[in-house]
Structure formats: structure tokens, C-alpha cells
Amino acid sequence: MPELAEVDYFRKRWNPGLGQKIECVLLHLKAGVFKTCDPRLIARQLTGATLLSSEAAAKQMLFRASGEAWLGIHLGMTGELTSQPADYEPRKRDHLVLVQRGRALVFADFRMFGRVQFHVGPTAPDWWADIAPAVLSKAFTVEAVTAFLRRRARTPIKAVLLMQERFPGIGNWMADEILWRAALHPKRPAGSLNATEIAALHRATRWVAAQALKIIGAAQTPDLVDPPKTWLFGHRWGNGGKCPKTGAPLVRETIGGRTTCWSPARQKLS
DNA sequence: TCCTATGTTGTATG
DNA sequence: ACATACAACATAGG
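The first sequence: position 236 = 240 (our numbering), numbered continuously.
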């Protein structure tokens with residue numbers, strides 16, 4: 005599920021556990037999500053530690069615990085975090101469970117494209133510091149986007165929007181949403197956009213990110229909240245969708261290896 | 001059986 | 001060295 009806003013939504017699901025001691029850690033030792041870390045070290049370090057704080061950046065989450073412990077989680081395609089009763093019995097796809105007095109904090113991911121990372125030290129791990137500046141930060145300028153598009157001149161703009169080194173947190177549905185808002189055809193070579201179009205792309209990127217965080221990321225509900233029907237979001241998943249702006253039929257096709265949906269009535273190739 | 005799914009990465013090729 | 005394209009990862013559901 006997870007792009008920028010969904011990641012922040014899931015991060016907050018563990019909020020009830022902040023400031024609380026971790027009584028024990030339950031692990032699915034053979035799960036692929038632990039490929040880049042040692043789950044036994046996680047158990048040793050986190051048992052008895054206090055979960056202190058959390059942050060989200062791009063599609064990554066970082067949880068800090070006492071004892072200079074840092075737990076990174078990427079949700080992959082199907083990962084999710086939940087807070088369950090303290091006597092929760094882990095199921096097959098629950099890879100990491102932090103059991104506290106009042107609750108169990110669960111990371112589940114049936115498809116296992118997600119990753120857990122673990123670091124012990126006084127400061128956050130390098131990979132966290134290396135995440136590109138957020139699209140809502142001052143560093144995400146029209147100039148930076150322009151330079152990036154020039155370098156990727158022959159790549160379809162849709163594929164370029166998925167590149168985390170410049171568009172951190174943008175995923176498949178957000179990329180489609182952004183291009184639809186900016187009225188840009190997803191197959192346009194990145195280098196073919198003029199200054200006006202790049203400005204529109206930059207603006208739409210920030211707008212979609214900010215609104216998604218407001219609607220999805222800030223929601224305090226047990227279920228994910230979908231953006232309103234005025235967005236492309238609710239119309240892009242199956243064939244036969246209609247453009248919410250023009251009423252014209254939407255088109256779906258694979259671009260850059262990912263299913264892409266757009267409105268030919270407002271997103272022209274030239 | 002075949003295809004799809006809100007992601008990333010390693011590898012081959014130009 | 002850099003840009004680009006795509007298979008591979010693992011699983012369930014239509």
C-alpha cells in the first residue's frame with residue numbers, strides 16, 4: 005500500500021507504544037524482511053528497552069529506542085503496522101512483534117518486499133541521512149527538478165517520477181495523480197518538458213504530497229482513508245474508469261514497468 | 001492457467 | 001561512467 009502518506013499513517017499506528025517499555029520481541033526468524041540485518045540482535049537490544057520516538061521520510065520509517073537502538077522499516081508493497089492487544093498471537097505473516105504491557109506492535113508483510121533494518125549507535129544510521137530531501141522541503145526546487153529531468157532526458161516522465169533519489173516517497177499512484185493534475189502525458193520524455201510544464205509538474209508534486217499527507221497521513225482512523233472522488237486515485241485501479249475532470253475514458257498501459265493510468269482528454273503526447 | 005498488485009535492486013546493454 | 005530497460009524477489013486473488 006505504502007507511499008509517502010500511507011507510510012506516515014502506518015508509522016502513527018505504533019504511537020500508543022511510544023514512551024513504553026518493550027517486554028519482549030517476537031520474530032519470524034526466516035522471513036526475508038530481515039535480509040539486511042540480524043533479527044537476534046534486534047531481540048537482544050530491544051527487549052527491556054523503551055520505544056522513544058518515530059519518524060517517517062519518503063517510504064521509510066525510523067523508530068528510536070533506548071540503548072541507542074534504531075529500527076528502520078520499509079513496508080515494500082504489502083507491509084503494514086498495527087497495534088494489537090498485548091496477548092496477540094502472531095500469525096504467519098507477522099514478522100516482528102514488540103510486546104508491551106498494554107499492546108503488541110506488529111509489522112506484517114505477506115509478500116515480503118518490505119525490509120527491516122537495525123542500527124546501534126549514538127546517531128541515526130547513514131541510510132536514513134542519505135534519503136533525498138522531501139518534496140515538501142525547500143531543497144525541492146524547480147531548478148533541482150529541471151536538472152534531474154535533463155539528465156533523464158529520454159526516460160518517460162512517469163518512470164522519472166518514481167525515482168526516489170529526486171522524488172522521495174512518490175509511488176505508482178501518486179505519480180499518476182501528479183501527471184494527471186499537471187496535464188502531462190506519462191510517456192513524454194523527461195527532457196521534452198518546457199519550463200512551464202516543469203513548473204506545473206513541480207507544483208503538482210508538492211500539492212499531491214501535501215494533500216495526501218493531510219487526508220491519509222494525518223487520519224486517526226482504524227482504516228486508511230481514500231482521497232476524494234475528485235482525485236484520479238479512485239478511478240485508476242481497473243479498466244473502464246472515467247476521468248473525474250473531463251468524464252472521458254481513462255487509459256491504462258504499462259510504462260516503465262508499472263501500470264499507468266491517464267486521461268487522454270487532458271494529457272496529450274505533444 | 002495467466003495476469004495483476006500503492007516497490008526496490010541487480011544486471012545486461014547501449 | 002552513465003543512462004536505460006527489465007527480470008527477479010514472494011504471494012494471493014481475480
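For glycine and all other residues, C-beta sits at the position ideal for the given N, C-alpha and C. Only a predicted model underlies this, so the values are computations on that prediction, with no experimental measurement involved.
Integer-rounded CB distance, given that residue j should sit under 8 Å from residue i
| i | j | result |
| --- | --- | --- |
| ALA60 | VAL11 | 5 Å |
| PRO160 | GLY260 | 6 Å |
| LEU254 | LEU197 | Not confirmed; about 22 Å, so no contact. |
| GLN271 | LEU188 | 6 Å |
| VAL1 | GLU201 | Because the chain is modelled from 5 through 274, residue 1 falls outside the range shown and cannot be assessed. |
| ARG107 | PRO20 | 6 Å |
| GLY195 | ALA157 | 3 Å |
| THR40 | GLN121 | 6 Å |
| LEU55 | LEU100 | Actually they are not in contact, since the Cβ atoms of LEU55 and LEU100 sit about 13 Å apart, beyond 8 Å. |
Beta bridge counterpart(s) of residue i as assigned by DSSP
| i | result |
| --- | --- |
| THR82 | BP columns for THR82 are empty, so no partner. |
| ARG158 | Answer by DSSP bridge pairing: none, since ARG158 is not bridged. |
| VAL328 | This structure leaves residue 328 out entirely; the chain is present only between 5 and 274. |
| PHE67 | SER58, LEU75 |
| ILE259 | ARG262 |
CB of residue i within 9 Å of CB of residue j, strictly
| i | j | result |
| --- | --- | --- |
| ARG119 | VAL229 | no |
| TYR1 | ILE220 | This structure gives no information on residue 1, because the portion of the chain shown stretches from 5 to 274. |
| GLY80 | MET116 | yes |
| ALA216 | ALA9 | yes |
| SER274 | ALA252 | no |
| ALA208 | ALA186 | yes |
| HIS206 | VAL146 | yes |
| GLY245 | ARG256 | yes |
| PRO190 | THR264 | yes |
| CYS247 | TRP177 | no |
| LEU66 | TRP74 | yes |
| PRO43 | ALA53 | no |
| SER4 | ARG15 | For residue 4 there is no data in the structure shown, the boundaries of the chain being 5 and 274. |
| GLN168 | ALA90 | no |
| GLN24 | ARG95 | no |
| TRP18 | GLN64 | no |
| ARG240 | LYS162 | no |
Closer than 8 Å: residue i CB and nearest the ligand ADP heavy atom
| i | result |
| --- | --- |
| VAL29 | Of ligands this structure carries none, so the ligand ADP is not represented either. |
Starting from the N-terminal side, write out each stretch of the beta strand (DSSP E) that is 3 residues or longer and does not extend beyond the region 87 to 113.
98 to 103, 108 to 113
Are the region 125 to 142 and the region 209 to 229 in contact at 8 Å, needing three or more beta carbon pairs?
yes
Cβ contact check for the region 169 to 177 and the region 101 to 117: 3 or more pairs under 8 Å
no
Is there contact here, the region 13 to 30 with the region 41 to 50, by at least three beta-carbon pairs under 8 Å?
yes
With a floor of 3 residues, list each beta strand (DSSP E) that falls wholly inside the region 22 to 64, ordered by position along the chain.
28 to 31, 55 to 61
Every unbroken alpha helix (DSSP H) within the region 175 to 255, with a cutoff of 4 residues, ordered by chain
176 to 185, 199 to 216
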